[in-house]
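Numbering (UniProt numbering), first residue to last: 1 to 866. We put the CB at the ideal spot given by N, CA and C, even for glycine. These numbers were taken from a predicted model, which means no experiment stands behind them. Since the structure comes first, as structure tokens, the remarks are kept for the end.
In structure tokens:
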């Protein structure tokens with residue numbers, strides 16, 4: 001990548017985003033833009049057609065021109081503003097683009113299953129004679145697929161092994177360039193594993209098809225010999241045609257249209273699962289379970305034909321229910337499913353289909369009902385109707401455990417109120433109101449894991465009289481849905497049939513619907529809605545953690561009240577966030593006077609730990625440090641500590657003195673009081689001329705502040721900082737981090753983000769070290785890669801808003817983490833640029849044009865870095 005100099009590399013592509021393997025045409029991009037409009041929260045009342053064109057233009061910039069978000073927001077905003085008024089909309093489009101790509105991939109898998117079933121590979125040992133040439137062609141096609149999949153598996157297995165080996169052999173003491181290269185290599189590991197899994201699935205599907213074809217050919221050959229010897233070939237042919245037609249009715253051509261038109265993940269997943277069930281497709285891992293009850297039932301001879309005597313295929317019932325719900329009324333006879341009723345009672349009809357496997361008619365009835373219920377439960381349109389009403393009317397109720405009763409005793413307990421949740425509608429979790437707690441379900445799950453509560457999800461009542469749940473439209477639709485389904489599945493009584501006969505068969509059909517609902521649909525919907533509520537809550541946690549990090553990095557360099565960058569007095573309300581007006585992308589100025597000297601004191605919480613004071617210069621380098629003796633109870637009597645503090649303050653002349661507030665606790669408060677006295681004493685000595693020489697400037701008294709040392713503690717434990725200060729005590733490194741935090745908190749965070757876990761693990765890539773910073777109390781409950789991706793977006797925005805001094809980032813190791821987040825660069829390009837400048841120019845670059853003229857940056861990257 002560094003050698004061929006790929007243009008416009010988006011920083012996020014290396015970590016969370018997935019680069020496309022092909023470019024969409026105009027029609028596909030139009031369809032994707034329309035889908036995104038339903039997901040984006042755009043201002044109400046806007047022109048939808050103009051909003052769609054704006055989204056489409058952004059997609060073109062991202063997919064064709066490979067522009068990244070900071071460049072689009074800075075220099076291409078006129079193409080999509082005011083229809084996309086917020087930069088967050090651009091980041092949302094990049095994330096939705098990945099979801100769209102995943103949706104299309106799922107569609108392709110479902111389409112492959114549909115084509116295999118339509119071609120006759122439906123998992124049954126078909127007794128219909130197959131043309132020899134057609135068999136050979138099908139066998140060759142499957143073998144070609146298998147060969148291609150095996151080649152893909154071997155290729156990606158080697159890539160995964162190579163990336164994993166590099167990840168496992170990473171050493172803390174490696175060069176900075178090597179550490180930066182791992183940032184993108186480790187981030188590409190999940191994509192490589194995903195590609196390997198995809199080819200593995202294709203290989204397993206091809207192996208299953210190959211085994212089915214070979215078994216079918218052997219069975220057909222044996223059956224042919226048997227029939228020819230017994231003279232029964234012509235006699236059995238009509239039965240084969242009838243059963244083959246029943247199989248084809250399980251997968252109508254309308255599914256292809258549904259698949260092409262589907263824009264929801266649930267719809268595509270439902271179709272994919274249904275085709276997998278009726279096609280008997282299982283992974284190699286689940287192959288040992290291929291003879292479960294359903295597959296055993298559908299493999300029994302004659303059971304499919306018996307089921308067709310009193311039931312219709314699942315797709316026909318699903319289409320009728322969908323049409324009834326859409327039209328809002330009863331269907332005419334032409335659109336109702338045709339439900340046959342035999343001229344004999346169920347017991348007599350089932351007795352004719354007994355086999356050695358099912359010797360009793362009760363077993364035949366039970367097997368047929370289970371098979372039909374399984375197919376109805378997986379029918380996509382049936383699922384969609386039940387899912388819509390279930391999510392609108394189901395409720396959640398919590399129940400305190402014995403531990404909860406004993407420990408949640410007052411309103412100050414962190415889980416107080418969780419034990420009182422009663423019949424809270426699920427749609428409030430899935431689409432939480434603005435005044436609600438969006439991460440509530442994650443907290444409920446956490447409380448359940450800790451043993452304080454349990455929770456249940458109550459399905460809607462089966463009758464209107466039993467329904468107690470409130471719905472947005474004021475009434476329950478669940479009983480109406482069940483009534484409509486029963487009406488479609490139960491044929492009308494006719495004069496030609498005995499009433500008791502129809503009622504007997506309707507009882508069997510009611511058993512099928514009851515089994516479908518209780519054993520399949522309701523458990524599936526409950527598990528599905530739990531996953532969806534957890535996903536929604538996790539998205540809320542990720543967004544909150546990203547906002548918390550944004551607050552940290554948007555805090556500018558500390559500016560004391562008595563001076564600004566020109567050393568003139570400024571009002572207190574302008575102390576902070578001045579960086580936004582002072583620095584710009586690729587700022588190539590020498591070290592400015594806006595840097596400040598800082599003295600940081602790490603006060604240990606006990607006498608057994610070491611306390612340190614350190615002075616850090618304007619360039620971020622450590623000037624001096626001293627280990628402090630334990631603070632005694634008598635302030636004036638502790639002359640040794642006072643003298644050491646005074647000496648380091650006199651030598652540093654700091655703009656601010658900071659003390660750690662979290663770890664130090666009460667001892668830090670005592671240290672702050674002592675430092676304030678020392679600062680006042682030093683200022684008084686300067687005023688009296690006892691310290692300053694004639695040609696030496698005086699010193700104004702500075703503030704002594706207590707600051708949160710969480711960020712500095714994480715910074716001190718990063719591999720790069722440990723390598724920079726190998727022989728330093730951990731507490732001394734924390735003090736250095738506190739000082740640099742006051743100078744440039746954004747540089748501190750970017751350096752932490754770039755650190756990698758030397759042990760690998762479930763995270764291990766960029767952003768791993770930053771996860772130790774507590775930005776949200778539930779951040780350990782979410783996907784770490786998704787969290788890292790959102791943090792990266794925040795850092796990219798912050799760095800491109802305030803800019804990077806290129807010369808500083810090259811000469812100062814602690815500022816090197818800023819450069820990779822400049823638009824158009826990334827870890828590899830930034831690392832290569834730093835190395836090239838050090839080798840060619842030392843550490844000084846005069847202008848951006850110099851970078852382009854000497855080939856250190858391509859024109860496009862240089863343009864986007866501006």
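| Query | Result |
| --- | --- |
| Member of 208, 783, 111 and 648 whose CA lies at the smallest distance from the CA of residue 895 | Lying outside 1 to 866, the shown extent of the chain, residue 895 is not represented and no answer is given. |
| Where the alpha helix (DSSP H) through residue 455 begins and ends | It is not in any alpha helix (DSSP H) - residue 455 instead sits in the beta strand (DSSP E) that spans 453 to 458. |
| Neighbour-count burial assignment, residue 805, 16 or more Cβ in a 10 Å radius | buried |
| 3-residue-minimum beta strand (DSSP E) runs that sit fully inside the segment 689 to 750, ordered along the chain | 703 to 707 |
| Nearest-angstrom Cβ-Cβ length linking residue 297 and residue 114, presumed shorter than 8 angstroms | At roughly 23 angstroms, the Cβ-Cβ gap does not stay under 8 angstroms, so residue 297 and residue 114 are not in contact. |
| Pair within 8 angstroms by beta-carbon distance, residue 791 and residue 770 | yes |
| Buried or exposed (CB count within 10 angstroms, at least 16 for buried), residue 288 | Bear in mind that the predicted position of residue 288 carries a pLDDT of just 42, short of 50, making it unreliable; the figure below should be weighed with that in mind. Exposed, by the Cβ-count rule. |
| Residue 371 - DSSP class collapsed to helix/strand/coil | helix |
| Residue 404 classed as buried or exposed, judged by whether at least 16 other C-beta atoms fall within 10 angstroms | buried |
| Start and end residues, beta strand (DSSP E) containing residue 559 | Note, residue 559: premise wrong, no beta strand (DSSP E); not H, not E. |
| Closest by C-alpha distance to residue 36, when choosing among 77, 97 and 72 | 97 |
| Sequence-distant residues of its chain with Cβ nearer than 7 angstroms to residue 511 (five each side left out) | 369 |
| Own chain partners of residue 901 with C-beta closer than 6 angstroms, once the 5 adjacent residues on each side are dropped | The shown model of the chain, from 1 to 866, leaves out residue 901, and the question about it has no answer. |
| Rounded C-alpha distance that separates residue 517 from residue 537 | 28 angstroms |
| Distance between beta carbons of residue 682 and residue 650, contact taken as under 8 angstroms | 6 angstroms |
| Where residue 301 falls, given that 16 or more other Cβ within 10 Å makes a residue buried | exposed |
| For residue 488 and residue 336, believed in contact at Cβ under 8 angstroms, the rounded distance | 6 angstroms |
| Nearest-angstrom Cα separation, counted from residue 199 out to residue 192 | 11 angstroms |
| For residue 203 and residue 557, the rounded distance between their alpha carbons | 56 angstroms |
| Residue 417 classed as buried or exposed, judged by whether at least 16 other C-beta atoms fall within 10 angstroms | exposed |
| N- and C-terminal bounds of the alpha helix (DSSP H) containing residue 268 | 265 to 278 |
| Short Cβ contact (8 angstroms threshold) for residue 548 with residue 438 | no |
| Extent of the continuous alpha helix (DSSP H) run through residue 399 | Taken as a continuous stretch (DSSP letters only), residue 399 belongs to no alpha helix (DSSP H), being part of the beta strand (DSSP E) at 395 to 400. |
| Cα-Cα separation, residue 90 to residue 41 | 12 angstroms |
| Alpha carbon of residue 606 to alpha carbon of residue 663, nearest angstrom | 10 angstroms |
| Whether residue 319 touches residue 254 by CB criterion (8 angstroms) | yes |
| Span separating the alpha-carbon of residue 851 from that of residue 609 | 49 angstroms |
| Cβ-Cβ distance between residue 351 and residue 342 below 8 angstroms | no |
| Rounded C-alpha distance that separates residue 738 from residue 527 | 47 angstroms |
| Between the CA atoms of residue 373 and residue 147 - distance to the nearest angstrom | 38 angstroms |
| C-beta contact flag for residue 560 and residue 598 at 8 angstroms | no |
| Assigned exposure category for residue 235 - 16 Cβ within 10 Å defines buried | Confidence in residue 235 is poor, its pLDDT being 35 and thus under 50, which makes the residue's placement too unreliable to answer from. |
| Given 8 angstroms, three or more beta-carbon pairs between the segment 502 to 510 and the segment 739 to 746 | no |
| Residue 378 beta carbon less than 8 angstroms from that of residue 277 | yes |
| Cβ pair residue 265, residue 426 closer than 8 angstroms | no |
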